[in-house]
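So for the sequence shown, the working numbering puts the first residue at 38; every next one is plus one. Some notes on the structure that comes next.
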Amino acid sequence: MNENDIKVLFVDDDEGWSSLVSDYLSEVNNIQLISVCNSAEIAFQIIESNGIDIILLDVDLGILEYNGIDLAMQLKTKTNAKIIMFTMSESKEIIEKAIFAGAVDYVIKGEYKKTLVPTINRVLYSSSADIMAGAMRKNEIKVKLSGLTKTERKVLGRCCEGKKPEDIQKEFDYQPQSYWNCIGKIKRKLNVNELNDAVNYIKMHL
């Protein structure tokens, strides 16, 4: 334990999910999980007696007196800690509700091992306005990418990795014309004139 550790409070009423996240965070050197609680009342008490930096909160919280969105609004009246919300959905409506309720960012549950720790570190040292703008941009990109086919997403992924067109054609067994037809569809669906515009934007915000 180090006084410079990031102090985290995790509020959730799903014992299995709480255990997964707790075990994962226990292996991270600079993060100190102060408590995992399943009640709004206990969460308020912990906030008052500990210097919490980050609150992890589930959008689909089943606590009797609050859902996740409502609890986020209540927590923001009692603490300056930054709230990160877990969600199963990438719905723009749900993400916007979470952000407007006081969350500064969100983590998709299925991606927590990849994104949770980077998100915690990022939000701790960034302004709330910058974080919220970034979260909205991230969600907009994911919504746009969801309109691509599985193959188109894979091709775009290879482009983001810096693969050359001839290497991508070989991997996907594409003739040059088929490859460029695929690139054309990607550009139209993402509403960009040049593929590099999409690649650079995705690299910056995802």
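Heads up, the beta-carbon is just placed ideally off N, CA and C, and yes, glycines get one too.
Asp-234 (DSSP reduced to helix, strand or coil)
DSSP places Asp-234 in helix when its eight states are reduced to three.
Taking all protein chains shown into account, decide if Gln-206 is buried (16 or more other Cβ within 10 angstroms of its Cβ) or exposed.
Flag for Gln-206 reads buried.
Where Gly-105 falls, given that 16 or more other Cβ within 10 Å makes a residue buried
Classification of Gly-105: buried, given that the 10 Å Cβ count is 16 or more.
Rounded to the nearest angstrom, what separates Ile-83 and Thr-116 at their Cα positions?
Whole-angstrom Cα-Cα distance: 11 Å.
Helix, strand or coil for Val-96? Go by DSSP, reduced to three states.
Reduced to three states, the DSSP call for Val-96 is coil.
Starting from the Cα of Lys-222, find the closest Cα among Leu-182, Cys-197, Ile-131, Lys-201 and give me that residue.
Residue Leu-182 is the option with its Cα nearest to Lys-222.
Please look up how many angstroms separate the CB atoms of Lys-150 and Met-125, rounded, as I've assumed it's under 8 Å.
With a Cβ gap of about 15 Å, Lys-150 and Met-125 do not count as contacting.
Give the single residue among Cys-74, Ser-56, Asn-87 whose Cα lies nearest to the Cα of Asp-42.
Among Cys-74, Ser-56, Asn-87, the Cα nearest to that of Asp-42 is on Asn-87.
If you drop the 5 nearest sequence neighbours on each side, which residues of the same chain put their C-beta closer than 7 Å to that of Val-229?
Cβ neighbours of Val-229 beyond the five flanking positions: Ala-235.
In this structure, how does DSSP classify Ile-89 when only helix, strand and coil are distinguished?
Residue state, collapsed to three classes: coil.
In chain order, what residues of the same chain lie with their CB nearer than 8 Å to the CB of Ile-68, ignoring the 5 residues before and after it?
Answer for Ile-68: Asp-42, Ile-43, Val-45, Leu-62, Val-154, Ile-157, listed in chain order.
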